[in-house]
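Single-structure report; data block below.
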Amino acid sequence: MPRFAYSEAVDQASRVLFAQHKVSVSDSYGKCTAPGYVVDDNGNGEVRIAHRMPEPDLLDDDRISDDKMAAERHRKVDAYAETLRSAGYTVERRGPRSRKPYLLARR
97 MPRFAYSEAV DQASRVLFAQ HKVSVSDSYG KCTAPGYVVD DNGNGEVRIA
147 HRMPEPDLLD DDRISDDKMA AERHRKVDAY AETLRSAGYT VERRGPRSRK
197 PYLLARR
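Add 96 to the 1-based position in the sequence shown for our numbering, that's all there is to it.
Structure follows, in structure tokens:
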């Protein structure tokens, strides 16, 4: 059995986002190594989209602050929402005051 089941909704949303945005990259352990969008199946043809970023090195004095990381996530989620809306998706933004906002989208 495959690790992840195929979802046409995830595939379609990923194709729309891939044309204008970078996809998040993870290592073999699932640790985020490059920032970008992630798309997950939320059931009933709906997808969940978020912006994933590598965790900062806590020993680095010049690391990005948590507030700046949250602001970047909000900017990226807003950009993803605009891209999806222009492709005909209905988008619902979640977590407007959260540090990790996300979208729920459907065709």
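For glycine and all other residues, C-beta sits at the position ideal for the given N, C-alpha and C.
Computed from a predicted model, the values in this text were never measured in an experiment.
- Annotation: the continuous beta strand (DSSP E) that includes His147 extends over Glu142 to Arg148.
- Taking the C-beta atoms as reference points, Ala175 is found no nearer than 7 angstroms to Val187.
- Residue state for Arg195 is assigned as coil, using DSSP reduced to three classes.
- In its chain, beyond the 5 residues on either side, no residue has a beta carbon closer than 7 angstroms to the beta carbon of Asn140.
- Where Tyr133 is concerned, there is no enclosing alpha helix (DSSP H), although the beta strand (DSSP E) around it starts and stops at Gly132 to Gly139.
- If you check the CB distance, Val135 and Ala183 do not come in under 7 angstroms.
- In this structure Thr129 touches Val121 by the C-beta definition: roughly 5 angstroms separates them, less than 8 angstroms.
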